[in-house]
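Trainee: Sharing a structure, written as structure tokens. Questions coming.
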Amino acid sequence: MKQVRWNPSPEPERSGHERLAVIAAGSPVLDQTPVNDSAHHLWLGIHLPFLALESLDECLAQGPFAVFEQHRQGQQIVVANQMARKSGILKGMALTAARTLNPDLFSLCRNRSLEHRRLRQLATTAGRWTPRITLLEDGLLLDISGSTRLFGGMTQLIEQIHAWIRTESIDPCVSLMPTAASALLCARTGKASRITAKESIPSVVRSLPAAQLITDAQSHRLLVQLGARTIGDLLRLPRDGLARRFGPDLLARIDRLLGRLPDPQVVFEPALQFKKSCALDAEVTDIGFLYPAIRYLLEKLSAYLSVQQVMVERLQWRFTGERSARYRLPVHLAKPHGDIHELERLSQLALEGLKISDPIVNLELCAHRFTPRIPAHKTLFDQTTWGGAHDDSLVERLQTRLGKHAVHGIQAQVDHRPENAWRRCRPGEAGPVSGDRKRPLWLLPSPKAIHISKGCLTMGTQILRLDHHCERICSGWWDHQPIRRDYYQASSGSIQAWIFRDLDSGHWHLHGIF
Amino acid sequence: MNLDACLQRQDIWRGKKALPADSAVATGFAALDNCLPGKGWPRGALTEILVENIKRSPLWLILPALSRVLNSRPWQAWIAPPALPYPPGLTHNGLDVSKIIIIEPENQADILWSAEQSLRSNACSAVIFWSDHLKAAPMRRLQLAAESGNTLGICFQGDEALRHHSLATLRIRCKETASGLNIDLLKCRGGPLCQNISIAPDSSTSDVSTTFS
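Residue numbers (the working numbering), protein chains in the order written: chain E, 2 to 515; chain W, 28 to 240.
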């Protein structure tokens, strides 16, 4: 069988005869002609070697600390902190062996969900540089090709991202490559390269261990038998032979690594949710002492809002008391807000109504509902007739202090039944225009019975005189609240009353006052 | 503060004729307008209306003024009304209910707080609130809030407030009569205290007395 030599550059020289031979070798993948991805990407691979450690709250512990993973055979160290490494504890070591090396070792089981949460947090922050972010198991991939100009050039941008990730994580490796797979590979192997051209990829990855491309144990043994230790060794091997020995998957992986096959990535979309808590140094009984913490959390929220370019619709404060009492305090916003000062004012207002019996030890701010930020624009000439205070800020303030239910608007409804001819609504909501029949200004919450004594309708001590035969209202058969009533206007002294006679029972009731 | 700004102040008395033109809102009742110094409810001030039964507050007395000022600002605050202000009835009287916010505080302190916020906010064309007897300090505070927001403030109170001194700009007392109301001016800054002003709601009534067996 004719062997086809691997050639990293696009293959113009491969003859039809050779191609046939390749197909004869029985590799389905080689049927696809490797294509160059037309869009030019720049991938920044960020590998976080201590992610398993950093995602745990205990990572700040001073003593030797290690994270282990439960295997079938036993517990194996995944990552250890500097103190632990000093005493000779290494990755992949059995936990029991590590304990022998250092009896003071503090160890915790690996928590993947916490790691993922930490990665999501980092990805959310990284969203300020590029929207195209991919979450990996142990790091992030950032496609920065679209953002280089905005941040003053590629070098500047990488410097910024590098500076940020160094504050967030221990020993991160940042590597810039033109393909996602190569960026990932370089970052994982700790090679901080800065390559922008696809042609230079082989020269960088050549020296990297071949084991990085191959995951299963059997292929791994085969690799050792072949004597291929580096990726460079793999690249020198004939393609069809590789496909036969390792399966077509490896070839596809190599093609993606070198940018000869497209390698689409799943873009991370941050779930819009803000939750941040702040443990207080001392127990707080006076609300006034909470204000600095509130301001701190609101500043965090404000930063989040500006990164996400959104405004918040609803806030909730949660307080935890010393004896684990919990208080929840919603802050009602009449419209989405992005202004931290307004949010602070409203939060303080909401807090005034809080009664605490238990000293507060922890404070948490949650926001779930967001809307896209609309840039504020103002007219050149202020045309408002009122002092410039925003329309809704009054309603907001009132609702925050008194509760949402205590501040509402009213509107008329299209219904003949007087009880249903109105409803509560949000302030400012316009309802249908009601009919032109005369109606009272006050309606009683429920009709009040009127007694008949000595042949006259009496209310208290006063006799009611009927003024008008107003109208008969028979309605509501469809929703099981039917009424059949004759309404009259009646007067007694100065009171103009709206009364009715129930046609079914014949009783009289007072229903409204004009 | 210059002279013009001084003269704009409600608490400087300059005699009957010197009041600025927009310092009052016509009540809609000629008999009452003629007795009030600015020919109407004073704007940027607090008006106290004392009624015999707060649950039967004569809303018709202030409705014409309320609908007159309604469109000047985004809201109109009604705080702690004793019953439901009925939207079909209000619209029938020419009031756009979509501008009304009904505020139902749970206690007296919150009533006063809401009233002060609304009066001061510059966003309310009028603030009407129903309250227990107002002590001197909160009354003064509300009066100042109404001045700073240049808002029409109206407070309905029961008759028992008569025993106490008032700090409001205008205090009137309404007595119910067969045809309407009989109004006494108890305190009126910048004008004489007229008594026995009779006004009636515009509705005409035919006197038909009916008895039932």
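All C-beta atoms, glycine included, are put in the ideal place defined by N, C-alpha and C. All of these numbers come straight from a predicted model, not from anything done at the bench.
(1) Out of curiosity, what's the CA-to-CA distance linking E:P483 and E:I411?
(2) Starting from W:I138 and walking both ways along the beta strand (DSSP E), at which residues does that stretch end?
(3) Have a look at W:P132 and W:K66 and give me their C-alpha separation to the nearest angstrom.
(4) Report yes if the CB atom of W:T178 is closer than 9 Å to the CB atom of W:A153, and no otherwise.
(5) Express the C-alpha separation of E:N363 and E:E200 in angstroms, rounding to a whole number.
(6) Around the Cβ of W:L189, are there at least 16 other Cβ atoms within 10 angstroms (buried) or fewer (exposed)?
(7) Just to confirm the assignment: which complete beta strand (DSSP E) runs, minimum length 3, are found wholly within the region 75-129 of chain W?
(8) Does the Cβ-Cβ distance between E:P441 and E:A413 come in under 9 Å?
(9) Applying the 10 Å Cβ sphere with the 16-neighbour rule, what's the burial state of E:Y292?
(10) Spell out a yes or no on whether the region 266-274 of chain E and the region 351-363 of chain E are touching, meaning 3 or more CB-CB pairs, one atom from each, closer than 8 Å.
(11) Determine the extent of the alpha helix (DSSP H) in which W:G176 is found, giving its start and end residues.
(12) For E:L142, name the three-state secondary structure that DSSP assigns.
(13) So is the beta-carbon of E:P265 under 8 Å away from any non-hydrogen atom of the ligand ATP?
(14) Suppose you measure from the CA of E:L214 to the CA of E:R207; what does that come to, to the nearest Å?
(15) Give the range of the alpha helix (DSSP H) segment to which E:H221 is assigned.
(16) What is the rounded straight-line gap between the Cα of E:I514 and the Cα of W:S84?
(17) Say whether the region 197-207 of chain W touches the region 217-231 of chain W, bearing in mind that this needs 3 or more beta-carbon pairs closer than 8 Å, one atom from each stretch.
(18) Can you give me the C-alpha to C-alpha distance between W:L197 and W:E187, rounded to a whole angstrom?
(19) Based on the DSSP output, what are the partners of E:F371 in its beta bridges?
(20) Of the residues E:I474, E:S278, E:L366, E:R402, which one's Cα is nearest the Cα of E:H417?
(21) Counting only Cβ pairs nearer than 9 Å, list the residues of chain E close to W:Q144.
(22) Cβ of E:S183 within 9 Å of Cβ of E:L236?
(23) What are the start and end residues of the alpha helix (DSSP H) that includes E:K405?
(24) Give a yes or no on whether the minimum CB-CB distance between E:E515 and chain W is below 9 Å.
(25) Find the residues of chain W that neighbour E:K439, judging by a C-beta separation of less than 7 Å, and give them in chain order.
(26) So what does E:C457 bridge to, in DSSP terms?
(27) Whose Cβ in chain E lies nearer than 8 Å to the Cβ of W:A110?
(28) Flag W:W68 as yes if its beta-carbon sits less than 9 Å from any beta-carbon of chain E, otherwise no.
(29) Is E:F290 buried or exposed, if buried means 16 or more other CB atoms sit within 10 Å of its CB?
(30) Starting from W:D18, find everything on chain E with Cβ-Cβ shorter than 7 Å and list it in chain order.
(31) Can you pull the chain W residues whose beta carbon is under 8 Å from the beta carbon of E:P428, in chain order?
(32) Could you list which residues in chain W have their beta carbon closer than 7 Å to that of E:G494, in chain order?
(33) Going along the chain, which unbroken runs of the alpha helix (DSSP H) with 4 or more residues stay wholly within the region 116-171 of chain E?
(34) Please report the Cβ distance between E:A67 and E:A85, rounded to the nearest whole angstrom; I am assuming they are in contact, meaning their Cβ atoms lie under 8 Å.
(35) Between which residues of its own chain and E:I341 is the CB-CB distance below 6 Å, once the five residues before and five after are set aside?
(36) Would you list, in sequence order, the uninterrupted alpha helix (DSSP H) runs of no fewer than 4 residues that lie entirely inside the region 312-359 of chain E?
Mentor: Concretely, from the data shown:
(1) 23 Å
(2) Element bounds for W:I138: not the beta strand (DSSP E) but the alpha helix (DSSP H), 135-147.
(3) 33 Å
(4) yes
(5) 55 Å
(6) exposed
(7) 102-106
(8) no
(9) exposed
(10) no
(11) 163-176
(12) strand
(13) Among the components modelled here there is no ligand, and therefore nothing to report on the ligand ATP.
(14) 12 Å
(15) 218-227
(16) 10 Å
(17) yes
(18) 17 Å
(19) E:V313
(20) E:I474
(21) L395, R398, L399, R402
(22) no
(23) Unbroken run through E:K405: none, as it is neither H nor E.
(24) The residue you asked about is not Glu; residue 515 of chain E is Phe in the sequence shown. Cβ-Cβ to chain W under 9 Å: yes for E:F515.
(25) H119
(26) E:S454
(27) W443, L444, L445, P446, I514
(28) no
(29) exposed
(30) Residue numbering for chain W in the displayed model covers 28 to 240; residue 18 of chain W lies beyond these limits and cannot be assessed.
(31) W102, I128
(32) E203, A205
(33) 155-169
(34) 5 Å
(35) L299, S303
(36) 341-353
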